[in-house]
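Residue numbers (this note's numbering), protein chains in the order written: chain G, 1 to 301; chain D, 1001 to 1301; chain X, 2001 to 2301; chain H, 3001 to 3301.
Think of the CB as a built atom: it goes at the ideal place given N, C-alpha and C, for glycine as much as any other residue.
Structure record follows, encoded as structure tokens.
Number of protein chains: 4
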Amino acid sequence: MSTVAFIGLGNMGGPMAVNLIKAGFTVRVFDLVPAAMQALAEQGALTATSACGAAAGSDIVVTMLPAGKHVRSLYVGDADNKGLIDVVGKGTLLIDCSTIDADSARFVANHAADKGLEFIDAPVSGGTAGAAAGTLTFICGGTDNAFEQAQGVLTAMGANIFHAGGPGAGQVAKICNNMLLSVLMVATSESLQMGVDHGLDPKVLSDIMKVSSGGNWTLDKYNPCPGVMESVPSSNDYQGGFMVDLMVKDLGLSQEAALLSNSSTPMGALARSLYVNHARKGNGKRDFSSIFEQFAPSSSE
Amino acid sequence: MSTVAFIGLGNMGGPMAVNLIKAGFTVRVFDLVPAAMQALAEQGALTATSACGAAAGSDIVVTMLPAGKHVRSLYVGDADNKGLIDVVGKGTLLIDCSTIDADSARFVANHAADKGLEFIDAPVSGGTAGAAAGTLTFICGGTDNAFEQAQGVLTAMGANIFHAGGPGAGQVAKICNNMLLSVLMVATSESLQMGVDHGLDPKVLSDIMKVSSGGNWTLDKYNPCPGVMESVPSSNDYQGGFMVDLMVKDLGLSQEAALLSNSSTPMGALARSLYVNHARKGNGKRDFSSIFEQFAPSSSE
Amino acid sequence: MSTVAFIGLGNMGGPMAVNLIKAGFTVRVFDLVPAAMQALAEQGALTATSACGAAAGSDIVVTMLPAGKHVRSLYVGDADNKGLIDVVGKGTLLIDCSTIDADSARFVANHAADKGLEFIDAPVSGGTAGAAAGTLTFICGGTDNAFEQAQGVLTAMGANIFHAGGPGAGQVAKICNNMLLSVLMVATSESLQMGVDHGLDPKVLSDIMKVSSGGNWTLDKYNPCPGVMESVPSSNDYQGGFMVDLMVKDLGLSQEAALLSNSSTPMGALARSLYVNHARKGNGKRDFSSIFEQFAPSSSE
Amino acid sequence: MSTVAFIGLGNMGGPMAVNLIKAGFTVRVFDLVPAAMQALAEQGALTATSACGAAAGSDIVVTMLPAGKHVRSLYVGDADNKGLIDVVGKGTLLIDCSTIDADSARFVANHAADKGLEFIDAPVSGGTAGAAAGTLTFICGGTDNAFEQAQGVLTAMGANIFHAGGPGAGQVAKICNNMLLSVLMVATSESLQMGVDHGLDPKVLSDIMKVSSGGNWTLDKYNPCPGVMESVPSSNDYQGGFMVDLMVKDLGLSQEAALLSNSSTPMGALARSLYVNHARKGNGKRDFSSIFEQFAPSSSE
């Protein structure tokens, strides 16, 4: 089995690395937080004293970081620091699982290509539950060859592995999807609330729409109206799930992408503004389906 | 078998009445256009010289009309004319299949109830193809008793029969659904085009999103991007299907409903404005998925 | 001097009628609330026992009512009640100062014309302060002749008298204006807050924009950002001024008008949704410039 | 009089530099296009063989460039090239008149400050006509001291000189203003067209709204409806004026700024989407008031 360097052991990265260990890979880890590394060591990982130290000599590098600037700087380095692409051996496959702007992904891919290395952008969805269960979805951008090579590692961590296109395409596809998701959530919320305002039962209305032409993922899996569906955040005071702050981040990335390509996204742009307002009213840490509350009368009304 | 009066024999009503005949009902028809009645007579319908003439003595009345004012006036009458509710016998079931404003549906239902009659608003979806095939979807508003009584007639014309709630609820549920559908269509269009603007293949992006959290009816059944899906209007120069003008009508009904209930529908309201602009640019008779073209560069660019 | 019947003596109508008395008109009043009539009687008005009683024999009728249905019913009557147009004498000028839907205004104007009477829709702006000071703005729809005849009465109550066009045009012009105003308020709020988010002083930014191409009425007279301008609602916790609930009403009228004429108003429709959400969060009785708070971080953030 | 280096002699920069010559400054110019320099030389400018050559030894540097990346690279340089801040003398005042992102302006200001130099971001409005006439508006960001020092040069080129705040504030204030302007234009267009759809005369409606609470710069100076106002682009088939492509650029900058500060700008974001769609339909080179046509029925309807 190959040796995998895993860098970035947060809420997502930690359990992902554990699944690699379980699948039999030799895993070398690095994180700026020592406790995060220690937790992985207890699961059988080898620890390194730097990202470059973990990467050097590994067959595959997997990274999970907060933002594009971290990814750029880690892989490409700067005047004072070497980047991962300066230290890994020929033939090492680079896989970044962070959700970042497409431009940064292409920037790193280009620098990697200059050194003869393959780089895949492979942002994930599925949340911390999916990371622990090994059922994440990966949406990948990169060459066919790199995508094929990555199968072993990715299937050890996820259940659905998509190939969206060349470098950067994974990031683009993910933010297209998440932008669309945000609109589905807002539009489903406003439609359900309008039905409720006219005296309809939201469960009955949901049941009708989900098998009609209004059918969408939020009605199937994640109804935003409290009480309609069990075991979703809306029935648990919007706790857990996918935080408003994370949706705001992804909508920000979608708008960055729209600016880059001079695209018009009236629905996605509106969703972003509504979500930013929602976050600014103190809802950033609640599940993103709580946008439903913006349409419902406040309890004090 | 019961006798059914069918009033309004247009592109939808005509084939619906034919399916009632095929199912064994005695069908009395009326339409202001003689040729429309003649066509039904050739299929075995009895013709009447007025709507009231068709309705009087029938067990069930089915109507299919263009707008709320027609439905109000036909059922309730005015200073000069009797309404259907003045001429039908005790126990006659009234079923209006028109897509109209909820207020008019409730108005007629109330007047019918004053005379001890049951009225169901049962707007349909499925288009002329569904009307001919007998596979329409009916979304009904009315009492449980009326809904049960209507089963025989509705299943002769449709495949899915929903009970949304009391009087008017059928209309509300239908426009909630169609408002949501319009947003799905616009948001899917802008997401796909943004992907294309970044070099992605719209078919690949569609395949990814439809099984991800962006999944929705338009990706499953009605992709708006030319060439992605066979046998849908987008692959046939947006001919056939559900016309922009009809979506504009339904979005108008949705905004009327939002005004009545003082509801906020930012996405639906925006979709209406975009569709009105689209219609004003000469696209009213094209399929509603042609809104995709608003996001794509014009061919001359 | 002429005799004027004034019907509807609320917060606006009361002081308007007082100004007619002060200007020397003989004023006959009616209101469903006896105390409202009593207050006018103390100012020198004659009281009537019904609206028709006040109108019969008057030279001019002025009405100030809440909604289109009241105006229709008062002027045109119904099966059980006579309307004002049935009881007034030949040559009586009818002036409705209510803010209502254009369709109702045209409906009454048509019925009046059938009886040979002139009807003017003359909605006002300027609020209760303008009503008391006699500085209201009237935006009138009606014939040139009727507009000329109305000058005496209107100038006794207002400072600016506009003639927007034929019957209904006063209502249309007013809601076009108020729809535009709502967008100015929202857009100015979001622009100022974005400046503040970047560290700019909102007063400095306001001073720059108001003399630049972003200049608009809200920057000149009604800055929504607390502390920028003295003696406006934003510097008094958004008390007083023009209530959110009234803006929601006017935006509802604007959307009714847009539906009637099949017009596209993306900005106005979005403003309505934002204002409805704002009202639903308990802000209905606050000044409409409080929409600014939707863009600012909540104090607890 | 001081010596001024002027770099970037395009449609705006050229006439601005001429006004400095006319005001008596010694002007050294540089542009990548030799003909542009030659034209200035004929007006009395000294030409340089590089930007650094023009700047070295000058008292003041003025730059007018297309985008943030050009400004960053010119002032700060890179691994291979010195920046202006490396070659100018102590006490040289740096003034960038480009319209760029605030982040780039702050980046350059910080680098300049590290070298003890004052940098002002001073984006302009007023177009090529204002540049030629010396009536531009400058919106400046920088220290009080720098702003004071810049007066002589700026008043030679413009009529209104605003101080918006510290470094970057000029750019922020300008895009706040232009974002607001874009919304004024769209909202005024939709309001006027809705009036027209109801049979109102757009000139009469404009006259009413411009002195009412809907009053704004576009009604005063730049009415978008053809025929209402003479000598504006709408009465000249939307030729001349401020191009749609430039408004799209500024709206892009406004959305970049909104992303940086996590601000919600629903109106500005919607305006951007509408303008991008408008540009994509082949209107990029027309005046930005041509957005009015999106709301009007097409001539063929």
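- Message: Determine, for D3139 of chain H, whether the minimum Cβ-Cβ distance to residues of chain X falls below 8 Å.
- Response: For the sequence presented, residue 3139 of chain H should be read as Ile rather than Asp. It does: the Cβ of I3139 of chain H has a partner Cβ on chain X nearer than 8 Å.
- Message: Can you check whether the C-beta of P2266 of chain X is within less than 8 Å of a C-beta belonging to chain D?
- Response: yes
- Query: Comparing the C-beta of F295 of chain G with each C-beta of chain X, is any distance below 8 Å?
  - Reply: yes
- Message: Can you list, in chain order, the residues of its chain with a C-beta nearer than 6 Å to that of P2015 of chain X? Leave out the 5 residues immediately preceding and following it.
- Response: A2131, A2132
- Under 7 Å Cβ to Cβ from A296 of chain G, same chain only, skipping five residues before and after it: list those, please. Q193
- Task: Identify which residue in D:D1114, D:Q1171, D:M1209 has its Cα closest to the Cα of A164 of chain G.
- Result: D:M1209
- Query: Can you name the residues of chain H whose CB is closer than 7 Å to the CB of G252 of chain G?
  - Reply: L3259
- Task: Using a Cβ-Cβ cut-off of 8 Å, state whether S2263 of chain X counts as contacting chain D.
- Result: yes
- Are the C-beta atoms of V1276 of chain D and some chain X residue less than 8 Å apart? yes
- Environment of M1179 of chain D [buried if 16+ CB atoms lie within 10 Å]: buried
- Determine the extent of the beta strand (DSSP E) in which C52 of chain G is found, giving its start and end residues. That residue, C52 of chain G, is in no beta strand (DSSP E); its alpha helix (DSSP H) goes 51-55.
- Message: Rounded to the nearest angstrom, what separates R1106 of chain D and P1066 of chain D at their Cα positions?
- Response: 17 Å
- Query: For G2241 of chain X, which of X:L2253, X:S2206, X:W2217, X:S2290 has the nearest alpha-carbon?
  - Reply: X:S2290
- Own chain residues within Cβ distance below 7 Å of L974 of chain D, not counting five before or after: This structure does not reach residue 974 of chain D, given that chain D is present from 1001 up to 1301, and the question cannot be answered.
- Message: In the DSSP assignment, the alpha helix (DSSP H) including I1060 of chain D goes from what residue to what residue?
- Response: Segment 1060-1063 is the beta strand (DSSP E) holding I1060 of chain D; no alpha helix (DSSP H) there.
- In chain order, what residues of the same chain lie with their CB nearer than 6 Å to the CB of G284 of chain G, ignoring the 5 residues before and after it? V244, D245
- Beta carbon of G2126 of chain X, beta carbon of T2137 of chain X: below 8 Å? yes
- Query: Which residues in chain X sit within 9 Å of L1270 of chain D, going by Cβ to Cβ distance?
  - Reply: P2266, A2269, L2270, S2273
- Hey, is the region 214-229 of chain G in contact with the region 1156-1174 of chain D, meaning 3+ C-beta pairs nearer than 8 Å? no
- With burial defined as no fewer than 16 other Cβ atoms inside 10 Å of the residue's Cβ, what is the status of S1300 of chain D: buried or exposed? Confidence is the limiting factor: at S1300 of chain D the pLDDT is only 44, short of 50, which leaves the residue's position unreliable and the question unanswerable from this model.
- Message: Going by DSSP in three states, N3216 of chain H sits in which element: helix, strand or coil?
- Response: strand
- Message: If contact is defined by three or more beta carbon pairs under 8 Å, each pair taking one atom from either stretch, is the region 3107-3127 of chain H in contact with the region 3079-3092 of chain H?
- Response: yes
- Message: Please return the same chain residues whose Cβ sits closer than 6 Å to the Cβ of Q1149 of chain D, not counting the five positions on each side in sequence.
- Response: L1093
- In DSSP terms, what C2176 of chain X is bridged to: DSSP output for C2176 of chain X lists no bridge partner at all.
- Item | Below-8 Å beta-carbon distance, D121 of chain G vs any chain A residue | No chain A appears in the structure shown, which is made up of the protein chains G, D, X and H.
- Query: What does T2188 of chain X pair with, by DSSP beta-bridge criteria?
  - Reply: Answer is none; T2188 of chain X lacks a bridge partner.
- Starting from the beta carbon of V1281 of chain D, find every residue of chain H whose beta carbon is closer than 7 Å, and list them in chain order. Note that residue 1281 of chain D corresponds to Lys in the displayed sequence, not to Val. Within 7 Å Cβ-Cβ: S3298.
- Task: May I ask you to list the residues that DSSP assigns as paired with A3005 of chain H?
- Result: H:R3028, H:V3061
- Message: Check whether the region 3264-3273 of chain H and the region 3217-3224 of chain H touch, using three or more Cβ-Cβ pairs below 8 Å as the test.
- Response: no
- Have a look at D:S1058, D:S1182, D:L1181, D:S1206 and flag the residue whose alpha-carbon is nearest the alpha-carbon of S1191 of chain D. D:S1206
- Item | Enclosing beta strand (DSSP E) for T1137 of chain D [first to last residue] | 1136-1141
- Message: Output needed for Q43 of chain G: all residues of its chain with C-beta closer than 7 Å, excluding positions within five of it in sequence on either side, in chain order.
- Response: V18, I21
- H278 of chain G versus A2257 of chain X: straight-line alpha-carbon distance, rounded: 30 Å
- Item | Contacting residues, own chain, Cβ-Cβ under 8 Å from V1232 of chain D (five flanking each side not counted) | K1221, Y1222, N1223, G1241, S1289
- Message: Please return the same chain residues whose Cβ sits closer than 6 Å to the Cβ of G2013 of chain X, not counting the five positions on each side in sequence.
- Response: M2064
- Query: For G252 of chain G, which residues of its own chain have a beta-carbon under 8 Å away from its beta-carbon, when the five flanking residues on both sides are left out?
  - Reply: R272
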